[in-house]
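Working notes, beginning with the structure itself.
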Amino acid sequence: MWFVVIVVSGVAAVAGYSLLDPAHDRTGALVQAFAAGALLAMLSNTLLPEAYEVEGPLTGPLVVAGFATSLWLSSLPLAA
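In our numbering, the protein residues as written are 2 to 81.
Pasting the structure below:
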């Protein structure tokens with residue numbers, strides 16, 4: 002099963018690189034938006050139900066706090 006996932010991921014990477022212009026600004030935004038959607042789908046389908054079983058009603062506020070922290074960290078200037 003994992004072999005199929007690896008092969009499909011490789012084929013998708015080659016297809017995406019050949020179909021999309023990597024130098025264009027909108028290409029990066031499109032790829033990041035798609036990746037963010039995939040992560041949110043995985044999070045909502047897999048991790049949140051498990052987290053709710055463990056943490057109960059604190060799951061929602063903890064997810065929001067984690068998301069806010071990640072937004073804050075991404076807004077900080079990078080040190081060279």
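Each residue gets a CB set at the ideal place from its N, CA and C atoms; glycine is no exception.
**Request:** Would you identify the three-state DSSP class for LEU77, choosing helix, strand or coil?
**Result:** coil
* To do: Go through its chain and collect everything with a Cβ distance to GLU54's Cβ below 7 Å, but skip five positions before and after it.
  => none
| query | Going by the CB atoms, is the gap between LEU20 and THR28 shorter than 7 Å? | reply | no
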